[in-house]
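Number of protein chains: 2
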Amino acid sequence: MELRVVQGRRPVPNTVWPFDSVLDRNCRRQLESLVSVVDLAPGDVVAREGEVNGDFLLVSSGLLKLAKRLPDGRQQIVAFRSVGDILTLHRRDTPWPVTAQSVRASKLCRIEWEGLRRMADANPEIDRALLDLAADEITGLQERMVTLGRKSTEEKVASFLLEFCQPLAVQSNICREFALPMRRPEIADYLGLTTESVCRELSRLKREKIVAMPRPSRVVVLNRPALEALAHGETNRATYSSGSGMQARRERERARVGPR
Amino acid sequence: MELRVVQGRRPVPNTVWPFDSVLDRNCRRQLESLVSVVDLAPGDVVAREGEVNGDFLLVSSGLLKLAKRLPDGRQQIVAFRSVGDILTLHRRDTPWPVTAQSVRASKLCRIEWEGLRRMADANPEIDRALLDLAADEITGLQERMVTLGRKSTEEKVASFLLEFCQPLAVQSNICREFALPMRRPEIADYLGLTTESVCRELSRLKREKIVAMPRPSRVVVLNRPALEALAHGETNRATYSSGSGMQARRERERARVGPR
DNA sequence: CGGTATATTGACTTGCCTCAACACGGGTGG
DNA sequence: CCACCCGTGTTGAGGCAAGTCAATATACCG
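If you're matching them up, the sequences are chains A and B in order.
Start counting the first sequence at 20; every next residue gets the next number (this note's numbering).
Start counting the second sequence at 20; every next residue gets the next number (this note's numbering).
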């Protein structure tokens, strides 16, 4: 219940900083001296939607979720964050747009914005790196909008599995088996579905031998091409044949203004 | 059908640049010398999802939409862009994540990334301004995710009306009446709905005297509080009374890690 | 003043949600 | 080592919001 803030001396974990590639050894040292480490237990809230808090936070281990709530309790999980991810980017003088909550035991690195700002003024690469991170974030969110707005339950779940298949794939490059670090309700809130719909869809994927799940939190991808076809909305569901259903509206499109 | 690229000399429109506040007169001049103007007719495509094109584009008039498509033609409109907006931010070496298409006659300002990069190296305020813009973009997209993932049709439409009520409100500060610059199918693709659902909801809002629409593209807000209540999901629909329906799942939440 | 594009409405269908029962698993104490 | 319990996940039955298909009305434009 109380807050466990560990002032960071050396134990700054050997996290992969997003700046690692652009900063020299000296700057890294300097940066690390500004860092304090925060320990989080599952369920801990780091920052709440609407509150103003000008720190820069980086995930060093564990898993966090960023969520927005409606007054009646419905929630949308905007993103999950794990090792090496920046918690959020928003204007410093502006309230947090989302609530950040720890899904399981996690560690954060915290830097006061002032300190980071001072360093960035001396090392313009930092701002450039941040800009690239922001760009990636935007691209990712745009991708997710298609999922939320236009995909069916099965397409959403397939997309989800593929999304969380990748990161852990780094170890075994074929990546057939991996762990889901979150529970069913969180998957549902991430995809704009209910827990039950997620379950049903997972069961169907099992039944159709596209994945196997030796236990609820463990996924084995058996037929990746099929999963990808589903995720990208390739309408292979034999349900509707050609022109009807989920209309493939084709628009007149006038010209293409070439590059240059 | 052919592309109309007007090499910009002086006629660079007196657009409000996002950098206006941070650059001195001299730098502005320099920036403007790098700009060329692109004219767009309704339906023109500026850049297509997946294609690589390293220019920096700024809307100087008109209205554009940024959309992503699924292979069967379903599309999600990720954002609309109008005067003063940057078209998109994404890593320069990376393919466009969305297709940008002109909704009606528009003008763009184009700067080659190389030129902008060079200027930004000399004027770090530029990168900082871009970072702020990116942050705003992220915050906006997060807000839209709630709309797409967790709101009902009526809540989506109400949110939409309020969103497009603001920008044009600058003129009359009470902003009761405004024009919708896009058509029904575009509203639908923006909200993850069908044209028909959008229509039906607008009709309902008219019937309940929350808005009036003297003609399809013109909206008069009659009861703003009611519209806001709907938009923010205040569940005033007398449909379900207390605990049931669209469950207000309440989670145990452990601690709040304070600022500092 | 027609004629076409767009918007609206209606009747019907369906995908996803709701409510509720049931299964599983892993920790605990008898 | 087994019986019980509680949290989580899964499955089933039924309802409703939003989608589909199709007809009609309205706006826009020459």
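Where a beta carbon is used, it is the ideal one built from N, C-alpha and C, also for glycine.
Could you tell me if residue i is buried or exposed, where buried requires 16 or more neighbouring beta carbons within 10 angstroms of its beta carbon?
i: A124 (chain A); result: exposed
i: G69 (chain B); result: exposed
i: R93 (chain A); result: buried
i: D63 (chain B); result: buried
i: W36 (chain B); result: buried
i: R7 (chain B); result: Not covered by the structure: residue 7 (chain B). The range shown for chain B is 20 to 279.
i: E205 (chain A); result: buried
i: S121 (chain B); result: buried
Residue i to residue j, Cα distance in whole Å?
i: S80 (chain A); j: A153 (chain A); result: 21 Å
i: W38 (chain B); j: D74 (chain B); result: For the sequence presented, residue 38 (chain B) should be read as Phe rather than Trp. Spanning the two alpha carbons is a distance of roughly 17 Å.
i: I157 (chain A); j: R100 (chain A); result: 15 Å
i: R71 (chain B); j: T113 (chain B); result: According to the sequence displayed, residue 71 (chain B) carries Val and not Arg. Distance between the alpha carbons of V71 (chain B) and T113 (chain B) is about 6 Å.
i: F179 (chain A); j: S222 (chain A); result: 15 Å
i: L210 (chain A); j: A66 (chain A); result: 22 Å
i: C218 (chain A); j: R203 (chain A); result: 7 Å
i: Q26 (chain B); j: W132 (chain B); result: Note on Q26 (chain B): pLDDT 44, under 50, position unreliable in the model; no value is reported.
i: E220 (chain B); j: E162 (chain A); result: 27 Å
i: L108 (chain A); j: D151 (chain B); result: 9 Å
i: K126 (chain B); j: L82 (chain B); result: 9 Å
i: V230 (chain A); j: I130 (chain B); result: 47 Å
i: A139 (chain A); j: V54 (chain A); result: 15 Å
i: M232 (chain A); j: M164 (chain B); result: 29 Å
i: P61 (chain B); j: G103 (chain B); result: 19 Å
i: V57 (chain B); j: L167 (chain A); result: 33 Å
i: N242 (chain B); j: N242 (chain A); result: 53 Å
i: R136 (chain B); j: K225 (chain B); result: 50 Å
i: S216 (chain B); j: E215 (chain A); result: 26 Å
i: Q49 (chain A); j: S40 (chain A); result: 15 Å
i: G134 (chain B); j: L149 (chain B); result: 15 Å
i: K175 (chain B); j: T213 (chain B); result: 12 Å
i: R111 (chain B); j: L160 (chain A); result: 17 Å
i: M201 (chain B); j: R234 (chain B); result: 13 Å
i: P244 (chain A); j: D155 (chain A); result: 26 Å
Which same chain residues end up closer than 6 Å to residue i when comparing Cβ atoms and leaving out the 5 residues on each side of it in sequence?
i: L85 (chain B); result: V97, A98, V117, A119
i: P90 (chain B); result: none
i: L77 (chain B); result: I105, C128
i: T258 (chain B); result: Unreliable placement is indicated for T258 (chain B), whose pLDDT of 40 sits below 50; the coordinate value is still reported in the next sentence. Cβ neighbours of T258 (chain B) beyond the five flanking positions: none.
i: E144 (chain B); result: V41
i: L59 (chain B); result: S121, S125
If I measure Cβ to Cβ from residue i and keep anything under 8 Å in the same chain, skipping five residues before and after, which residues do I get?
i: D43 (chain B); result: none
i: R256 (chain B); result: In this predicted model, R256 (chain B) has a pLDDT of only 48, less than 50, meaning its place in the structure is not dependable enough to derive any value.
i: K170 (chain A); result: S178, G252
i: E196 (chain B); result: R237, V238, V239, V240
i: W115 (chain B); result: A66, R67, E68, G69, E70, V71, N72, T107, H109
Just the chain A side, please: which residues come within less than 8 Å of residue i by C-beta, in chain order?
i: G69 (chain B); result: Under the 8 Å cutoff, chain A gives no residues; its nearest Cβ is about 12 Å from G69 (chain B).
i: D146 (chain B); result: P143, D146, R147, L150
i: P90 (chain B); result: H251, G252, E253, T254
To which residues of the same chain is residue i closer than 7 Å at the C-beta, ignoring the five residues directly before and after it?
i: L199 (chain B); result: F183, S236, V238
i: Q95 (chain B); result: A86, K87, D208, G211
i: N142 (chain A); result: L42, C46
i: E227 (chain A); result: none
i: L181 (chain A); result: L246, E247, A250
In chain B, which residues lie less than 7 Å from residue i when you measure between Cβ atoms?
i: T172 (chain A); result: Within chain B, no residue comes near T172 (chain A); the closest Cβ sits about 13 Å away, beyond 7 Å.
i: K87 (chain A); result: Q161, V165
i: V97 (chain A); result: Q161, M164
List, in order along the chain, the chain B residues whose C-beta lies closer than 8 Å to that of residue i?
i: P200 (chain A); result: Residues of chain B passing the Cβ test: none, with the nearest at roughly 17 Å.
i: V54 (chain A); result: None at all; the shortest Cβ gap to chain B is about 14 Å.
Given that residue i touches chain A, what residues does it touch there, using C-beta distances under 7 Å?
i: L246 (chain B); result: Simply none; closest approach about 15 Å.
i: G168 (chain B); result: Q95, L167, G211
Name, please, each residue of chain B whose Cβ falls closer than 9 Å to the Cβ of residue i.
i: I157 (chain A); result: T107, L108, H109, P116, A153, E156, I157, L160
(Q) Which runs of the alpha helix (DSSP H) at least 4 residues long sit entirely within the stretch 151–204 of chain B? Give them in chain order. (A) 172–184
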